[in-house]
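J.: Sharing a structure with you now.
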Amino acid sequence: MNKLGLLLGRLHAAEVDLGDEWRKIAERHATDHDVWHIGHQLAEQCRARAESVRSIGERHDITIREPHEAPWDTLLATIRRTGAEALGRRPEPGLLLLMDLRGLYTAAHEVDLYWTMLGQVAQALRDRTTLDEVDGLHRQLLTQIKWIKTKTKEASPQILAVGIPLVGRHHDAG
Amino acid sequence: MIADRVADIWGARTPYRRDDHWPSRVDQHLLVDEASVERWVKAACVLCSNGCGLDIAVSGDKVVGVRGRADDRISHGRLGPKGLYGWQGTFGADRLTHPLVRVDGELRESDWDTAMDLIVDRSRQVLATQGPLGMAFYTSGQLFAEEYYVLAMLARAGIGTPHLDGNTRLCTSTAAWALIESFGADGDPGSYADIDHCDALFLVGHNVAETQTVMWARMLDRLEGAQPPHLVVVDPRLTEPARRADVHLAIRNGTNVMLLNALLREVIANDHVDNSFVADHTVGFDALRDVVEAYPPERAAEVCGVDAGDIREAARIIGTSQKLVSTVLQGVYQSHQATAAAIQVNNLHLLRGMIGKPGCTVFQMNGQPTAENTRETGANGLLPVHLNWANDEHVAKLARHWNVDDLTIPHWGPSTHVMEMLRHAEQGSIEFLWVSATNPAVTLPELHRIRSVMGQSRLFLVVQDGYLTETAQLADVVLPAAMWGEKTGAFTNADRTVHLADQAVNPPGQARSDFEIFCDYASRMDFRDRDGAPLLGFAGPEEAWDHYRVLSEGQLCDQSALSYEKLRASDGIQWPVNEAAPDGTERLYADGQFHTGVDQCESYGHDLVTGATNEKEEYAAHDPAGRAMLKAAEYSEPLESPDDDYPLLLTTGRSVYHFHTRTKTGRSDELREAAPSMWVEMSTTDAARMDLHEGDTVRVESRRGRIVAPLRVSGSRDGLVFAPFHYGSWDQPDGAEPTAANELTITAWDPVSKQPLFKVAAVRVTRP
Numbered sequence: 000m001n002k003l004g005l006l007l008g009r010l011h012a013a014e015v016d017l018g019d020e021w022r023k024i025a026e027r028h029a030t031d032h033d034v035w036h037i038g039h040q041l042a043e044q045c046r047a048r049a050e051s052v053r054s055i056g057e058r059h060d061i062t063i064r065e066p067h068e069a070p071w072d073t074l075l076a077t078i079r080r081t082g083a084e085a086l087g088r089r090p091e092p093g094l095l096l097l098m099d100l101r102g103l104y105t106a107a108h109e110v111d112l113y114w115t116m117l118g119q120v121a122q123a124l125r126d127r128t129t130l131d132e133v134d135g136l137h138r139q140l141l142t143q144i145k146w147i148k149t150k151t152k153e154a155s156p157q158i159l160a161v162g163i164p165l166v167g168r169h170h171d172a173g
Numbered sequence: 000m001i002a003d004r005v006a007d008i009w010g011a012r013t014p015y016r017r018d019d020h021w022p023s024r025v026d027q028h029l030l031v032d033e034a035s036v037e038r039w040v041k042a043a044c045v046l047c048s049n050g051c052g053l054d055i056a057v058s059g060d061k062v063v064g065v066r067g068r069a070d071d072r073i074s075h076g077r078l079g080p081k082g083l084y085g086w087q088g089t090f091g092a093d094r095l096t097h098p099l100v101r102v103d104g105e106l107r108e109s110d111w112d113t114a115m116d117l118i119v120d121r122s123r124q125v126l127a128t129q130g131p132l133g134m135a136f137y138t139s140g141q142l143f144a145e146e147y148y149v150l151a152m153l154a155r156a157g158i159g160t161p162h163l164d165g166n167t168r169l170c171t172s173t174a175a176w177a178l179i180e181s182f183g184a185d186g187d188p189g190s191y192a193d194i195d196h197c198d199a200l201f202l203v204g205h206n207v208a209e210t211q212t213v214m215w216a217r218m219l220d221r222l223e224g225a226q227p228p229h230l231v232v233v234d235p236r237l238t239e240p241a242r243r244a245d246v247h248l249a250i251r252n253g254t255n256v257m258l259l260n261a262l263l264r265e266v267i268a269n270d271h272v273d274n275s276f277v278a279d280h281t282v283g284f285d286a287l288r289d290v291v292e293a294y295p296p297e298r299a300a301e302v303c304g305v306d307a308g309d310i311r312e313a314a315r316i317i318g319t320s321q322k323l324v325s326t327v328l329q330g331v332y333q334s335h336q337a338t339a340a341a342i343q344v345n346n347l348h349l350l351r352g353m354i355g356k357p358g359c360t361v362f363q364m365n366g367q368p369t370a371e372n373t374r375e376t377g378a379n380g381l382l383p384v385h386l387n388w389a390n391d392e393h394v395a396k397l398a399r400h401w402n403v404d405d406l407t408i409p410h411w412g413p414s415t416h417v418m419e420m421l422r423h424a425e426q427g428s429i430e431f432l433w434v435s436a437t438n439p440a441v442t443l444p445e446l447h448r449i450r451s452v453m454g455q456s457r458l459f460l461v462v463q464d465g466y467l468t469e470t471a472q473l474a475d476v477v478l479p480a481a482m483w484g485e486k487t488g489a490f491t492n493a494d495r496t497v498h499l500a501d502q503a504v505n506p507p508g509q510a511r512s513d514f515e516i517f518c519d520y521a522s523r524m525d526f527r528d529r530d531g532a533p534l535l536g537f538a539g540p541e542e543a544w545d546h547y548r549v550l551s552e553g554q555l556c557d558q559s560a561l562s563y564e565k566l567r568a569s570d571g572i573q574w575p576v577n578e579a580a581p582d583g584t585e586r587l588y589a590d591g592q593f594h595t596g597v598d599q600c601e602s603y604g605h606d607l608v609t610g611a612t613n614e615k616e617e618y619a620a621h622d623p624a625g626r627a628m629l630k631a632a633e634y635s636e637p638l639e640s641p642d643d644d645y646p647l648l649l650t651t652g653r654s655v656y657h658f659h660t661r662t663k664t665g666r667s668d669e670l671r672e673a674a675p676s677m678w679v680e681m682s683t684t685d686a687a688r689m690d691l692h693e694g695d696t697v698r699v700e701s702r703r704g705r706i707v708a709p710l711r712v713s714g715s716r717d718g719l720v721f722a723p724f725h726y727g728s729w730d731q732p733d734g735a736e737p738t739a740a741n742e743l744t745i746t747a748w749d750p751v752s753k754q755p756l757f758k759v760a761a762v763r764v765t766r767p
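The listed protein sequences derive, respectively, from chains A and B.
Using numbering that gives the first Met the number 0, read the first sequence as starting at 0 and increasing by one per residue.
Using numbering that gives the first Met the number 0, read the second sequence as starting at 0 and increasing by one per residue.
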């Protein structure tokens, strides 16, 4: 396997992992309907991008093996979802959500860097087909990062600031 | 004339030729002889977003009838069934006349001081333990502008909470966002008079014949006059407009984006694009063309379940018309990919250069009568007068006008939408919820969940309404509110027409206007501005209106020159109304300049798939600077599809005779008798296959709940079940089978507009 193969292999694995993370966060926060629906949708995007990486590989005579689902994955998913439902009325899942978003953010940035590398390589190899494909897929990944930031910004105040006295004194009535 | 608007919903035809004036026809309904009417009080109807001008007949401090106003720019004198009869539901025998307070688990009659003290004590307690983020407010699309405005001030600047939303979230939040994402700001560009000039009408998920009957009467009069427009209708049901259509596209619910992308593709492929308009006044054409290229009519036909030839014919009508009017409503807004789909209708108009000119516009319609004001005043998730929460200069402008610290006004993110507020209440961080003039216990999705969240003992629930609704029955304190006819205020319809409704009679018992109640609360909470003056120091609605219109100066929704005096003298006047346009503005964007500049836009926009928000820097880097934005969207599969267990697709909707949860219309004899109880609809083929007949009682079940109702067999597309959403439990005996359509719906919402999904849920139908 040449150096391009090494990069594609890493990118592929990172996308597969990111997809797993999206699915897990969706299941762990199944009672947060936004995270549930978007998480599954974005996991699907990761799966499709991994597939594109494999086909980019094929065009360059590099074979990347398709990931296989471990038999216990479905069971674990059910446990995560049931756990989320049991905790749906408690405040603690909020903190867990912020930690999960942080984990996702890190994982997504790793993928971002690999796409950046692949885009640069495609330019250097004058490979327009790959370059065009990378452009769209990379932008899709960057939108995922944007969603993670949006969600974090929106969720943090309610999770972290409730119950803490205000610093500004503009709340005379309270 | 005395009209029977139950049997004859749209009234006698007054056909007119294209470009002619729509003839007047005055509809009137009086309970007494005309001679015994003491006064006529000018107002407008609050039972749909048309906002037809009318006069209220008063005799002996009682409303005794209504009469359409012949010169009103919206109705030309007409009133629909709800307008003609619905007002009687305001004056029902079971109106709330005293505050109610929960004691030992039961609501008991009380007085204002006791009730308000309880609310204030609990507010202070929650503010001390949770802070402002423990407090939430959920309002309506049926109050007046002044009432929303003071509510927004007390929530944003008094309490300082982001948790303020309106039930307009369920109704037309997508209209607002579709307009913002394409044109930079909320506000429908066109005029109802565009119906007079168009040569093609394109109705997308808008059963106008039932939701806005007077607007449909105008369309019908065009259809029956000389030079009628072509009519294209997208609706899975065989509605009245569908029966009249040249092309009826009865698509599978949830597939709007697929169909619209195919129409866009055809318009481009057939070279029906106004290239110079697109080049001069839009951005994003190449990306849109690249996306829709992959949507040939055959692909759309397969996914949407319609004929490819019909798609081509619809595209031909849209592509070759010279003057196109499109309207969009709940079939898009409450369906899958709501904002993405609504935007594609805007895109059709932008590609054809058909906006801002007589006969050329898109209506992102409203549902409720005052929904536009909920949005405009900042009670529906955005800041007042369409200011951009992410633009620090906009927030500073608002803080200066309210004379408060800009950090008091939460603007670290979008205001919280109602489904998210419920989740915070579910998790326990919101402990106080104040609901005004709406009935979430019937209208929100997945009702068993809603009831369990709102019924929690740790949540303090205040409900302010005219009647003891299903939601009020769950409350800790119920406040009796004055209703339409009993108070004064302004409101705005779907084409930016503002009317003033004057008080005609006194409210019953101790009931007070929502305006008075909010101001009283602010005063008891001692909310003050930076100089120590009362935050809501308004003597009455007119002072609040004046305060509001000063704030609007320089915004797209500029109403700085629109005084009560001018409103009283007008027959409806369209904003902007300012020094430059003292008589109002019939059409926005007539010069092709949109509201998209980085310093003026209402939002920096979203990714349409995920709802991820764009940052200011990102927007500024591609500043459209006055050009409209063509935004493309790929079709995606709906969240729930039919399967072996739940083989049919549910859509919820409306009856021509009812409004919302029938709080008003269910108490009008004519309307109640016209549609007294719940029903569900299935297609002829589906019913025959299951050996079901008209009138059979059926059970409809989804993964979330069930309802039981009699069946109507209709011409809807196969595989579809229709259920009106009006029928909760307030007039049902205890222990009756559930009938509210939202027992069945799914908890999900559009990623951009956060409008819940009511139009796609998998269900099965059985005999109970």
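Note that beta-carbon positions come from the ideal geometry of N, C-alpha and C, so glycine has one too.
Helix, strand or coil: which one does DSSP assign to residue 152/A?
T.: helix
J.: Answer yes or no: does any C-beta atom of chain B fall closer than 9 Å to that of residue 97/A?
T.: At a cut-off of 9 Å, the C-beta of residue 97/A has no neighbouring C-beta in chain B.
J.: Does residue 171/A come within less than 9 Å of chain B when only Cβ atoms are used?
T.: Only weak support exists for where residue 171/A lies, its pLDDT of 47 falling under 50; the value from the coordinates is given anyway. Taking Cβ atoms only, chain B reaches closer than 9 Å to residue 171/A, which makes this a yes.
J.: Between residue 404/B and chain A, is the shortest Cβ-Cβ distance under 9 Å, so that the two count as touching?
T.: yes
J.: Starting from residue 696/B, trace the beta strand (DSSP E) in both directions and tell me its first and last residue.
T.: 696-700
J.: Suppose the cutoff is 6 Å on Cβ atoms and the five residues either side in sequence are ignored; what does the same chain contact list for residue 64/B look like?
T.: 28, 29, 30, 56
J.: Taking residue 517/B as the reference, which of 503/B, 534/B, 4/B, 357/B has the closest Cα?
T.: 534/B
J.: Which same chain residues, not among the five before or five after residue 567/B, have their C-beta less than 8 Å away from its C-beta?
T.: 41, 499, 501
J.: DSSP three-state label for residue 0/B, please.
T.: With a pLDDT of 47 at residue 0/B, under the threshold of 50, the predicted position of this residue should be treated as unreliable, though the coordinate-derived value follows. Three-state DSSP puts residue 0/B in coil, outside helix and strand.
J.: Determine the chain B residues that contact residue 31/A at a beta-carbon separation under 8 Å, and present them in chain order.
T.: 422
J.: Check the Cβ of residue 102/A against every Cβ in chain B and list those closer than 7 Å, keeping chain order.
T.: Correct list: empty, because the minimum Cβ distance to chain B is about 18 Å.
J.: Which complete alpha helix (DSSP H) runs does the region 603-664 of chain B hold, if anything under 4 residues is left out?
T.: 615-620
J.: Which value, in whole angstroms, describes the spacing of the CA atoms of residue 104/B and residue 111/B?
T.: 20 Å
J.: When the Cα atoms are used, what is the spatial distance from residue 323/B to residue 234/B?
T.: Taking the Cα positions, residue 323/B is about 19 Å away from residue 234/B.
J.: Between which two residues does the alpha helix (DSSP H) carrying residue 401/B extend?
T.: 391-401
J.: Can you tell me whether DSSP reads residue 756/B as helix, strand or coil?
T.: DSSP places residue 756/B outside both helix and strand once states are collapsed to three, so it counts as coil.
J.: Since residue 606/B meets chain A, which of its residues come closer than 8 Å, beta carbon to beta carbon?
T.: 142, 145, 146
J.: Can you confirm whether the region 160-176 of chain B touches the region 410-424 of chain B when touching is taken to mean that 3 or more C-beta pairs between the two stretches lie within less than 8 Å?
T.: Taking a cut-off of 8 Å for Cβ pairs, the region 410-424 of chain B and the region 160-176 of chain B touch, as three or more such pairs fall below it.
J.: What is the DSSP secondary structure of residue 161/B, counted as helix, strand or coil?
T.: coil
J.: Using a threshold of 9 Å, state whether the C-beta atoms of residue 302/B and residue 236/B are closer than that.
T.: no
J.: Apart from the five residues on each side of it in sequence, which residues of its chain come closer than 8 Å, Cβ to Cβ, to residue 447/B?
T.: 703, 704, 742
J.: Give the DSSP-derived three-state secondary structure of residue 288/B in the structure shown.
T.: helix
J.: List the residues of chain B that residue 34/A touches, going by C-beta distances under 7 Å, in chain order.
T.: Ordered by position in chain B, no residue passes the 7 Å Cβ test against residue 34/A, which lies about 10 Å from the chain.
J.: Against chain B, with Cβ distances strictly below 9 Å, would residue 49/A count as a contact?
T.: no
J.: I want to see whether chain B comes within less than 9 Å of residue 158/A, judged by CB atoms only; does it?
T.: yes
J.: Which residues mark the beginning and the end of the beta strand (DSSP E) in which residue 39/B is found?
T.: Counting along the chain, the beta strand (DSSP E) containing residue 39/B begins and ends at 38-43.
J.: Identify each residue in the region 450-473 of chain B for which the Cβ-Cβ distance to at least one residue of chain A is less than 7 Å, and report them in chain order.
T.: none
J.: Return no unless some Cβ of chain B is closer than 9 Å to the Cβ of residue 41/A.
T.: yes
J.: Would you list the residues sitting across from residue 524/B in a DSSP beta bridge?
T.: In the DSSP output, where bridge partners are listed per residue, residue 524/B has none listed.
J.: Within the 9 Å Cβ cut-off, does residue 0/B reach chain A?
T.: Low local confidence applies: a pLDDT of 47 at residue 0/B is under 50, so the model's placement there is unreliable, with the coordinate-based value given in what follows. Judged by the 9 Å Cβ criterion, residue 0/B is not in contact with chain A.
J.: Thinking C-alpha only, which one of 2/A, 13/A, 5/A, 8/A is nearest residue 196/A?
T.: This structure cannot settle anything about residue 196/A, because the visible part of chain A is limited to 0 through 173.
J.: Identify the continuous beta strand (DSSP E) that holds residue 378/B and give its terminal residues.
T.: Segment: none, residue 378/B is in no beta strand (DSSP E) and carries neither H nor E.
J.: List in chain order: all unbroken beta strand (DSSP E) runs of 3+ residues lying wholly within the region 328-376 of chain B.
T.: 360-363
J.: Which same chain residues end up closer than 6 Å to residue 170/B when comparing Cβ atoms and leaving out the 5 residues on each side of it in sequence?
T.: 140, 366, 367, 370
J.: Measuring CA to CA, which of 689/B, 701/B, 739/B, 632/B is closest to residue 653/B?
T.: 739/B
J.: What in chain A is Cβ-close to residue 611/B, meaning under 7 Å?
T.: Going along chain A in sequence order, the residues near residue 611/B (Cβ under 7 Å) are 142, 145, 146, 149.
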